[in-house]
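In the UniProt record's numbering, the protein residues as written are 1 to 115. Ideal Cβ placement from N, Cα and C applies to all residues, glycine included.
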């Protein structure tokens, strides 16, 4: 039976979780690149990562497990969205602080010039 790649990652923790889930469900799998990633550390970032393969006839069952456990589907949505709110608020505060400094400088010069 042919094995197909169903999941790709650089995170060994994810691989451990998936191995446990597949073992519980009795899904036969292969893990490729795990030894390279764990021994190379930072140097492994140039490789293709760790690939998890399952038998072709168990692909749908494995994908269902990946979706139910959050590894496929909406998992990456919260990582890719960046909140711009705090950055905008910071610039508003900087602008207001500069405006206050300008007003204070104008008031000081106005009161100093009173005869």
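| Check | Outcome |
| --- | --- |
| Proximity below 8 Å, CB of residue 52 to CB of residue 25 | no |
| Inter-residue Cα distance where the pair is residue 6 and residue 59 | 7 Å |
| Inter-residue CB distance, residue 10 and residue 49 (contact presumed, cutoff 8 Å) | 5 Å |
| Inter-residue spacing [alpha-carbon to alpha-carbon] between residue 54 and residue 96 | 58 Å |
| Which residues DSSP lists as bridging residue 30, in chain order | 53 |
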